[in-house]
Amino acid sequence: MFNLIGIGERAGSGVPDIYSVWEQQGWKQPEVIEEYGPDRTVLKLSFVKSVDKKALIKSADKKKITKKTRQQLDKIIECMEADREYRIGEIAEFLGVKETRARELARELIWFKKIEATGKNRGRKYRKTAESDSSDKI
-7 MFNLIGIGER AGSGVPDIYS VWEQQGWKQP EVIEEYGPDR TVLKLSFVKS
43 VDKKALIKSA DKKKITKKTR QQLDKIIECM EADREYRIGE IAEFLGVKET
93 RARELARELI WFKKIEATGK NRGRKYRKTA ESDSSDKI
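See below:
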């Protein structure tokens, strides 16, 4: 088809190039599908990132909570009063960390269902959940 419109070399050298570009970008490997009746060959190109099992294992290993992080998470729960909402700046202040770190820790606590977030973006506030009162430690 490409030859009919004047594109291509008729040498088949473009297919290996496509495979190498997809590999470099980390996209899912192209699929060659052969169909009969009518006869045709389809090259399926996905722009979806490929799932590398080794990378998944490494990222799962990174999710383990370090001793220092656990202490920081416990301190947040310990310092929060039950009926009060806190801004991320206040959490960062009583931990002595930057707001970006406090946000990461808050996300962890939300995932553990120890705190809950209300509001969006700048207006977001955090408060303890009833679940966190029963078992303060993570």
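In terms of my numbering, the sequence shown opens at residue -7 and continues consecutively.
From the three backbone atoms N, C-alpha and C, an ideal C-beta is built for every residue, glycine too.
Remember, it's a predicted structure, so these values are computed and weren't measured experimentally.
Problem - Rounded separation between ALA98 and ASP31 - CA only - result: As a first step, residue 98 is located in the sequence shown; it is residue number 106 there, counting from the start. As a first step, residue 31 is located in the sequence shown; it is residue number 39 there, counting from the start. About 57 Å.
Problem - Beta-carbon proximity list for GLY18, same chain, < 7 Å, skipping 5 on both sides - result: The residue labelled residue 18 in the question sits at position 26 within the sequence shown. Answer for GLY18: LYS41 and SER42, listed in chain order.
Practice task
State the DSSP-derived secondary structure class of GLY109, mapped to helix, strand or coil.
Solution key: Taking the sequence shown and counting its residues from 1, the one referred to as residue 109 is at position 117. Going by the sequence as given, residue 109 is Ala instead of Gly. Strand.
Handout entry: Supposed close pair ILE107, ALA94 - CB separation, criterion 8 Å
Key = The residue you call residue 107 lines up with position 115 of the sequence shown. The residue you call residue 94 lines up with position 102 of the sequence shown. Not really, about 12 Å apart at Cβ, beyond 8 Å.
Handout entry: Collapsed DSSP secondary structure at GLU26 in the structure displayed
Key = Along the sequence shown, read from residue 1 onward, the residue named residue 26 stands at position 34. DSSP places GLU26 in strand when its eight states are reduced to three.
Handout entry: Which of helix, strand or coil DSSP assigns to LEU35
Key = What you label residue 35 is simply residue 43 of the sequence shown in a count that begins at 1. In this structure, LEU35 counts as strand in the three-state DSSP scheme.
Exercise for the section: Flag this pair as yes or no: are the beta carbons of LYS112 and MET72 separated by less than 8 Å? Expected result: The residue you call residue 112 lines up with position 120 of the sequence shown. The residue you call residue 72 lines up with position 80 of the sequence shown. No, Cβ-Cβ distance for LYS112 and MET72 is not below 8 Å.
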